[in-house]
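Enquirer: Mind having a look at this structure? Questions to follow.
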Amino acid sequence: MNIKKIVATAALMMVALNTQAQQEVEVGYSYDGNANLSSIQHSLRIAEFADERQGVEPALIANLDADYIGEAPLVDLVRDAFVQLFSKGGAEVVDSGEGMVVAGTINSAQAEIVDRSGVETIQLTIRTQIQLQDGGRTIYETTLFGRGRAPASEGMAAAARASLDRMVNDLARDNYFMIELE
13 MNIKKIVATA ALMMVALNTQ AQQEVEVGYS YDGNANLSSI QHSLRIAEFA DERQGVEPAL
73 IANLDADYIG EAPLVDLVRD AFVQLFSKGG AEVVDSGEGM VVAGTINSAQ AEIVDRSGVE
133 TIQLTIRTQI QLQDGGRTIY ETTLFGRGRA PASEGMAAAA RASLDRMVND LARDNYFMIE
193 LE
């Protein structure tokens, strides 16, 4: 074997070793909470969310024993969870207009297996920065840590739904955020 074949074979072996399995995940999130947001005095536009995770496929939820790929980009899943929160909570959600704007940026999404009272559990944490903007200026900003847990037997989709629930419910319970909306 000549040196070119050896190098080519070694390169192919390294690529094969670094290729992690992909697992498709149907999150199918639906907000079932009971947040009462009808007292919000302004219409809300939920802006397109940004993804600051570097070098990852947009639909990647997290990687654990495989790359877990959602049915849509993670930013769309997160944004949709907030749209559902405000819509189902009674706020006026609009596609355009001069109301207030909720903007978001996903900073990270990490999963790990933890032992919770003898049960192997997937813990997924999606860290999202949220801004409330009025007239082009930011009037409120926070970072939400949507830490969701689900038994490993229920899979990554259940952990993702729990993470989204935690994230939107934490924002709905944030008194400072709500004060800015009234």
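Numbers 13 to 194, taken from the numbering used here, label the letters of the sequence shown in order.
Backbone N, C-alpha and C define an ideal beta-carbon position, used for all residues, glycine too.
In chain order, what residues of the same chain have a beta carbon less than 6 Å from the beta carbon of GLY167, not counting five sequence neighbours either side?
Expert: Within the same chain, GLY167 has no close Cβ partners at all.
Enquirer: Cα separation between ASP107 and TYR188?
Expert: Using only the alpha carbons, I get a separation of about 24 Å.
Enquirer: In the DSSP output, what is ARG57 paired with across the bridge?
Expert: VAL106 and VAL113, per the DSSP bridge assignment.
Enquirer: In terms of residue numbering, what span does the beta strand (DSSP E) encompassing ASP79 cover?
Expert: ASP79 -> beta strand (DSSP E) spans 79-82.
Enquirer: GLU124 bridges to which residues according to DSSP?
Expert: DSSP lists GLN135 as partners of GLU124.
Enquirer: Do ALA169 and GLY40 count as a contact pair if the criterion is CB distance below 9 Å?
Expert: It is a contact, given that the beta carbons lie within the stated cut-off.
Enquirer: Give me the Cα-Cα distance between GLY102 and ALA78, rounded to the nearest whole angstrom.
Expert: Rounded to whole angstroms, GLY102 to ALA78 spans 39 Å at the Cα level.
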